[in-house]
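Participant: In this text, residue positions in the sequence shown follow my numbering: the first is 3, and each later residue adds one.
All C-beta atoms, glycine included, are put in the ideal place defined by N, C-alpha and C.
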Amino acid sequence: DLFGTLITDNPEEYRKIMSESFGLNRDGYETKVRNFISSKSFISQEIALDHLLNHLGKNFSPEETQSFFKQLETLKGGSQLHDGALEVLQALRNRGAKIGIVSNNNTFLEDLVRKFRIDDHVNAVILSHKVMLMKPDVRIYQTALKLLESKPEDVTMVGDQLDKDVLPALEMGMKAILFDPFGRNQSYEGKRIRSLRELINVYSDNQKLH
């Protein structure tokens, strides 16, 4: 997983921007915005916004467009790598692990992958808007398995969301680890870590990581 696992995120602030900017409530964001932008790829953020506005039947003034992108850039500017993220990725690759990223992403956020040079440290990056599939759809995981040339039983999924990362992986026959740095899922009885550095001690040389 990417957001909330390798990269810190502020999902509430992001939802606020992506809903209030278009006069929507949270449900409106989920049904009208999130699914649209997370399953389609555009060549630029500006074109993505044009298509989204057309999809919503809305128009932005130049001032509204500027405000929208300014809010997004401020939000992304506050994103950071979780402590030890690249160190762990490199350590695992040095041990021969295959690593793939599976992320619900969109054109507005994909530059964070380049900003942090995530793709330099993994074998494959699968972004929802590029493959037009979103977690927890099993087909996005099947895409990752194909790219990594791996079987489900040989793969461990690591992510911060039970419903989109951990449970779908378990249902497919993968192993799964919940990344829970703030201890928000105390009731979860499966494998759980608080620090990414714990992964270095978890994996044997022949395991793969998403």
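State whether the region 53-61 contacts the region 124-138, with contact taken as three or more CB pairs (one from each stretch) at a distance under 8 angstroms.
Facilitator: Output reads no: the region 124-138 does not touch the region 53-61.
Participant: What are the partner residues of residue 180, as DSSP defines its beta bridges?
Facilitator: 161 and 194
Participant: Would residue 184 be called buried (16 or more neighbouring beta carbons within 10 Å of its own) or exposed?
Facilitator: exposed
Participant: Tell me which residues share the same chain as residue 92 and place their Cβ nearer than 7 angstroms to its Cβ, disregarding the 5 neighbours each side in the sequence.
Facilitator: 123
Participant: Just the Cα atoms here: how many angstroms apart are residue 207 and residue 47?
Facilitator: Residue confidence for residue 207 is low, a pLDDT of 43 falling below 50, so the modelled location carries little weight; the figure read from the coordinates is stated next. The straight-line gap from Cα to Cα measures roughly 40 angstroms.
Participant: Indicate the three-state DSSP secondary structure (helix, strand or coil) for residue 129 in the structure shown.
Facilitator: In this structure, residue 129 counts as strand in the three-state DSSP scheme.
Participant: What is the residue span of the beta strand (DSSP E) that residue 102 lies within?
Facilitator: 100-105
Participant: Can you tell me which of the three DSSP states residue 8 falls into?
Facilitator: coil
Participant: Whose C-alpha, out of 110, 25, 106 and 112, is nearest the C-alpha of residue 140?
Facilitator: 106
Participant: Do residue 114 and residue 19 count as a contact pair if the criterion is CB distance below 8 angstroms?
Facilitator: no
Participant: Using DSSP bridges, identify the partner residues of residue 213.
Facilitator: In the structure as shown, the chain begins at 3 and stops at 212. Residue 213 is therefore absent and cannot be evaluated.
Participant: Please go through the region 36-80 and give each complete beta strand (DSSP E) segment of 3 or more residues, from N-terminal end onward.
Facilitator: You should have found no qualifying run.
Participant: How about residue 110 and residue 9: do their beta carbons lie closer than 8 angstroms?
Facilitator: no
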